[in-house]
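Per the working numbering, the very first residue in the sequence shown carries number 4; after that it's consecutive.
Ideal placement from N, C-alpha and C gives every residue a C-beta, glycine not left out.
To keep things clear, I will list the structure first and then write my remarks on it.
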Amino acid sequence: MGTVIDSHFLALTAIVTVGYQFLFFVITALLKFDKVTDFAGSTNFILLAVLTLALKSAWYFRQVVLTLLVVIWGLRLALFLLMRILNWGEDRRFDEMRNNLGKLAIFWIFQAVWVWTVSLPVTIVNASDRNPFIQDADIIGWIMWSLGFLIEGTADQQKLNFKNSPQNRGKWCDVGLWKYSRHPNYFGEIFLWWGIFVASSPILEGAEWLVVLGPTFLTLLLLFVSGIPLLEESADKKYGNLDGYRIYKRRTSPLIPLSPTVYGNLPSWFKTVLFEFPFYSHNLPQEGPIWCRTSGEQGSDAVKMR
4 MGTVIDSHFL
14 ALTAIVTVGY
24 QFLFFVITAL
34 LKFDKVTDFA
44 GSTNFILLAV
54 LTLALKSAWY
64 FRQVVLTLLV
74 VIWGLRLALF
84 LLMRILNWGE
94 DRRFDEMRNN
104 LGKLAIFWIF
114 QAVWVWTVSL
124 PVTIVNASDR
134 NPFIQDADII
144 GWIMWSLGFL
154 IEGTADQQKL
164 NFKNSPQNRG
174 KWCDVGLWKY
184 SRHPNYFGEI
194 FLWWGIFVAS
204 SPILEGAEWL
214 VVLGPTFLTL
224 LLLFVSGIPL
234 LEESADKKYG
244 NLDGYRIYKR
254 RTSPLIPLSP
264 TVYGNLPSWF
274 KTVLFEFPFY
284 SHNLPQEGPI
294 WCRTSGEQGS
304 DAVKMR
């Protein structure tokens, strides 16, 4: 069973991913039901990890651990996102897609590419016949995954609790980890997938190192395409004229959690090194000086989002 279609399971996982995403695309297109999109993406990771592990049937410790890490991450994210969208109602990302089959299809194709590419490290590990002793890279990768998973899960729950509180209605979340990063959940997700890659490195040889495309693709996606840019644009358009929001944005790192005092006093060029790209503020109104108030001094009329 170890050579199903190809020795690295690349074609098999591509076929399974396209088929799985196509199934949910049909459900979404026919029923106009887009509450399962994130669930479909997260559970697809689980499907690929478990399938490749079972097909190879080597059951090496490294394979089992990495598969288990993907299953844990996928289950938490799938259930969290599903419950959140069921609680919040329709997914506003699909307002312009529900009646446009072409745009909807592009979204699902992109999601299939995301799942298959980011899963590459685990796919290659599960397909490999090599099983070196546990190395420092394994342990470092597992620690990175653990920290990233904790940060992502904590950030998601903190924001959910914040938004579910009636007194916070219409405000942006700046409590807990969100005080130190405008997108701590994305930082956690990026960090844990780089941990998966590091933990897969002991078995990689030759062209197999190209699995680095997995975490690289995820990082670029969240930094430049469908992650931070869209959320920054939405927040800037709604709250960019509010002093409190502008202060929060100036003092808070876009991704890596840092002290607001430290980050707020960094020069602009150094902030760029920390992923504060100019286009993140493209829709931020350029007005007069921002009053030097701390987040604790924001007026009751200051509306906050993230």
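Work out the CA separation of F27 and L108 for me, nearest whole Å.
Counted from its first residue, the sequence shown places residue 108 at position 105. Counted from its first residue, the sequence shown places residue 27 at position 24. Note that residue 108 is Ala in the sequence shown, not Leu. Each residue's Cα considered, the two are about 11 Å apart.
Can you tell me whether DSSP reads L271 as helix, strand or coil?
On the sequence shown, position 268 is the one that residue 271 refers to. Position check: residue 271 holds Ser in this sequence, whereas Leu was assumed. Helix, per DSSP.
Local conformation of S262 per DSSP, three classes:
Position 259 of the sequence shown, counting from 1, holds the residue named residue 262. Coil.
Put S204 into one of helix, strand or coil per three-state DSSP.
Along the sequence shown, read from residue 1 onward, the residue named residue 204 stands at position 201. S204 falls in the helix class under three-state DSSP.
Is the separation between the beta-carbon of W145 and that of G217 shorter than 8 Å?
Start at 1 with the first residue of the sequence shown, and residue 145 comes out as number 142. Start at 1 with the first residue of the sequence shown, and residue 217 comes out as number 214. No.
Decide if H356 is buried, meaning its Cβ has at least 16 other Cβ atoms within 10 Å, or exposed.
Nothing about residue 356 can be read from this structure; the chain reaches only from 4 to 309.
With the cut-off set at 8 Å, would you say A115 and S204 are in Cβ contact?
Residue mapping note: residue 115 aligns to position 112 of the sequence shown, counting from 1. Residue mapping note: residue 204 aligns to position 201 of the sequence shown, counting from 1. Not in contact: A115 and S204 (Cβ atoms no closer than 8 Å).
Determine, using beta carbons only, whether N129 and L56 come nearer to each other than 8 Å.
As a first step, residue 129 must be located in the sequence shown, where it is residue number 126. As a first step, residue 56 must be located in the sequence shown, where it is residue number 53. Yes, they are a contact pair.
For S284, which of helix, strand or coil comes out of DSSP?
In the sequence shown, residue 284 corresponds to position 281, counting from 1. In the structure shown, S284 sits in a helix (DSSP, three-state: H, G or I).
Return the CA-CA distance between G156 and A81, expressed in angstroms with no decimal places.
What you label residue 156 is simply residue 153 of the sequence shown in a count that begins at 1. What you label residue 81 is simply residue 78 of the sequence shown in a count that begins at 1. Their Cα atoms are separated by approximately 12 Å.
Taking the straight line between their C-alpha atoms, what separation do you get for L180 and S10?
Taking the first residue of the sequence shown as 1, we reach residue 180 at position 177. Taking the first residue of the sequence shown as 1, we reach residue 10 at position 7. In a straight line, the C-alpha of L180 is about 43 Å away from that of S10.
Going by the beta-carbon positions, is the gap between D37 and L84 smaller than 8 Å?
If you number the sequence shown from 1, residue 37 lands on position 34. If you number the sequence shown from 1, residue 84 lands on position 81. Going by C-beta atoms, D37 is not nearer than 8 Å to L84.
Provide the residue(s) that pair with S256 in DSSP beta bridges, ordered along the chain.
Counting from 1 along the sequence shown, the entry for residue 256 is found at position 253. S256 is bridged to S184.
Suppose you measure from the CA of Y242 to the CA of Y251; what does that come to, to the nearest Å?
For the purposes of this step, residue 242 is taken as residue 239 along the sequence shown, with counting starting at 1. For the purposes of this step, residue 251 is taken as residue 248 along the sequence shown, with counting starting at 1. Taking the straight line from one Cα to the other gives about 11 Å.
What are the boundary residues of the alpha helix (DSSP H) that T227 is part of?
As a working mapping, residue 227 is identified with position 224 in the sequence shown. The residue asked about is misnamed: residue 227 is Phe in this sequence, not Thr. Run containing F227: L216 to F227, per the alpha helix (DSSP H) assignment.
Spatial neighbours of F48 within its chain, please: C-beta separation below 8 Å, excluding the five flanking residues on both sides.
Reading the sequence shown from its first residue, position 45 is the one you call residue 48. Around F48: V73, W76, G77, V118, V121 and S122.
Mapping DSSP to helix, strand and coil, what is F27?
The residue you call residue 27 lines up with position 24 of the sequence shown. Residue state, collapsed to three classes: helix.
Can the beta-carbon of P260 be found closer than 8 Å to that of F190?
Within the sequence shown, the letter at position 257 stands for residue 260. Within the sequence shown, the letter at position 187 stands for residue 190. In contact: P260 and F190 (Cβ atoms closer than 8 Å).
Do P257 and F278 have their beta-carbon atoms positioned less than 8 Å apart in this structure?
For the purposes of this step, residue 278 is identified with residue 275 of the sequence shown, where counting begins at 1. For the purposes of this step, residue 257 is identified with residue 254 of the sequence shown, where counting begins at 1. Closer than 8 Å, so yes.
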